[in-house]
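Undergrad: My numbering puts the sequence shown at residues 687 to 865. For glycine and all other residues, C-beta sits at the position ideal for the given N, C-alpha and C. One structure coming up, written as structure tokens, with questions to follow.
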Amino acid sequence: MATFTPASSTTAGTTPNGTLTPSTDAAAVHTWLRVAGSLDSTDTHDPIPGDTVVIVDKTYSRVLACHPGGHLLLDDVAEYDMHEAIPDRWKWLCTERDNFLGFCSVAEETFLGHNFWWNFVAQARVQKGWEHFLLVRQHDGYRVQCPRWGGFEPLAARADGSGIEIGRPECTVWGFVRV
């Protein structure tokens, strides 16, 4: 009796004629290609509450990653195997509260935000004021802003990949890939 293997995934083995087949997950490869393609194109997903997205730093071709303890780093996509699933630390659930968007780390189940000293982390268990964001559409992506003293400040990727900070409006172009 023949077994059915879904088109979206295959396992290492042989074809009926004995040819070796690679171990790949077509869905994972497709997602990787969408993430890689978003790095240097004007394409970006428009996130809405309920979407799970990868947040892409289009300026430096990296993705925002939530590492253990809610520490934020910008991971270089080129350093990862595209035949593996997208790491959970790259995935963010888009939420909404008080007419602001929020982003909850799938890996840590904590919200992207800042602390009292304006250090950006993902450590809050609920979305409150320090975890609120506003997206401003640009021609090639988004400017991500957070409320600050009656106004809004843009988020910028640190050039060394060590996280994000308040920056100049033209600093970082962000993109989103729905996963």
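Any idea what DSSP makes of Ala764, helix, strand or coil?
TA: It is helical.
Undergrad: For Thr710 and Ala771, what's the separation of their Cα atoms in angstroms?
TA: Bear in mind that the predicted position of Thr710 carries a pLDDT of just 47, short of 50, making it unreliable; the figure below should be weighed with that in mind. Roughly 10 angstroms between the two C-alpha positions.
Undergrad: Could you check whether Gly849 and Phe806 sit closer than 7 angstroms to each other, using their CB atoms as the reference points?
TA: Going by C-beta atoms, Phe806 is nearer than 7 angstroms to Gly849.
Undergrad: Three or more beta-carbon pairs under 8 angstroms between the region 776-783 and the region 736-745, yes or no?
TA: The answer is yes - the region 736-745 touches the region 776-783, with three or more Cβ pairs under 8 angstroms.
Undergrad: Should Phe802 go down as buried or exposed, given a rule of 16 or more other Cβ atoms within 10 Å for buried?
TA: Under this definition Phe802 is an exposed residue.
Undergrad: Mark Pro735 as exposed unless 16 or more other C-beta atoms lie within 10 angstroms of its C-beta, in which case mark it buried.
TA: By the 10 Å Cβ count, Pro735 comes out exposed.
Undergrad: Determine, using beta carbons only, whether Gly861 and Lys744 come nearer to each other than 7 angstroms.
TA: Their beta carbons are under 7 angstroms apart, which means Gly861 touches Lys744 by this criterion.
Undergrad: By a C-beta neighbour count over all protein chains shown, 10 Å radius and 16 as the cutoff for buried, is Tyr812 buried or exposed?
TA: Note that residue 812 is Val in the sequence shown here, rather than Tyr. Answer is exposed; the Cβ neighbour count stays below 16.
Undergrad: Count the other CB atoms within 10 Å of the CB of Val859; is the residue buried (16 or more) or exposed (fewer)?
TA: It counts as buried.
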